[in-house]
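These notes are about the structure you will find just below.
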Amino acid sequence: MNKRPLFLLALVLPLSAQANVYYIKADTVKNTSVNEAAIYFNGAINNRTVTWLLSSLAEIAGRYRNIKNIDIYLNSEGGDMDAGYVAYEALRKSAIKLNMIDASVIASAATMIYCGSDERYAMPLARFMLHPAAAWNDKADYLKPIRPGAFWKMLKATTSCFALFIRPAQKSPPMN
């Protein structure tokens, strides 16, 4: 068996797993002078994109030691709920102040990321989409969402979870 193609594939695969992270900063500005940054997250929530998001935050924190505030502009129709939960737990433990901003739409699993900070904003035309949870089931591929009557009963018991979405600011954050 020729192992050369396998070896070349092993060299190329890590390159495809790297995040595309870009920095826009004037060359005359010292890293120690930067105290604010912004991240623009557009796309599905999955393990790879959450890793990119968290890696970007770590990169900013490591490169710009005086960073005090990071605006995270979210635009996502959702995705993998487990990946969203990982992001939520990591974001809420951030030592840097994070401002979550709904730039267009935050749906499904993206709501977990949005709730990762106490500072939450929405652009004037932004939308949110919440839906009843569905769970994985090997036999049926997924469980259908719960019936409306059961949903309202569950909603009354878990109102505090949905109350998180009532608090977004009425105005957009100031643009610097």
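Just so we're aligned: the sequence shown equals residues -19 to -1, 1 to 157 in mature numbering (1 follows the signal peptide of the UniProt record, and there is no 0). Backbone N, C-alpha and C define an ideal beta-carbon position, used for all residues, glycine too.
query	result
Using a threshold of 8 Å, state whether the C-beta atoms of Ile87 and Asp61 are closer than that.	no
Between Gly65 and Met93, is the Cβ-Cβ spacing less than 8 Å?	yes
Residues in the same chain with beta-carbon distance under 7 Å from Ile41, minus the five sequence neighbours each way, listed in chain order, please.	Ala18, Ile48 and Ile51
Let me check one thing: in DSSP terms, what residues is Ala18 bridge-paired to?	Ile51
Alpha carbon to alpha carbon, how far is Ile147 from Val67?	In this prediction, Ile147 scores a pLDDT of 49, lower than 50, which makes its location untrustworthy; the coordinate-derived value is nonetheless stated afterwards. Roughly 23 Å separates the two Cα atoms.
Within 10 Å of its beta-carbon, does Thr30 have 16 or more other beta-carbons around it, so buried, or fewer, so exposed?	buried
Throw me the rounded Cβ distance for the Phe22 and Ser57 pair, which I believe falls under 8 Å.	7 Å
Which residues in the same chain as Arg108 place their Cβ atom closer than 6 Å to its Cβ, once the five residues preceding and following it in sequence are excluded?	Val86
Between Asp63 and the rest of its own chain, which residues show a CB-CB distance below 7 Å, the 5 nearest in sequence each way excluded?	none
Quick check on Gly97: buried or exposed, where buried means 16 or more other Cβ atoms within 10 Å of its Cβ?	buried
Could you give the first and the last residue of the continuous alpha helix (DSSP H) run that contains Gly89?	Note that residue 89 corresponds to Ser in the displayed sequence, not to Gly. That residue, Ser89, is in no alpha helix (DSSP H); it is neither H nor E in DSSP.
Quick check: the Cα distance between Ala90 and Arg46, rounded to an integer number of angstroms?	31 Å
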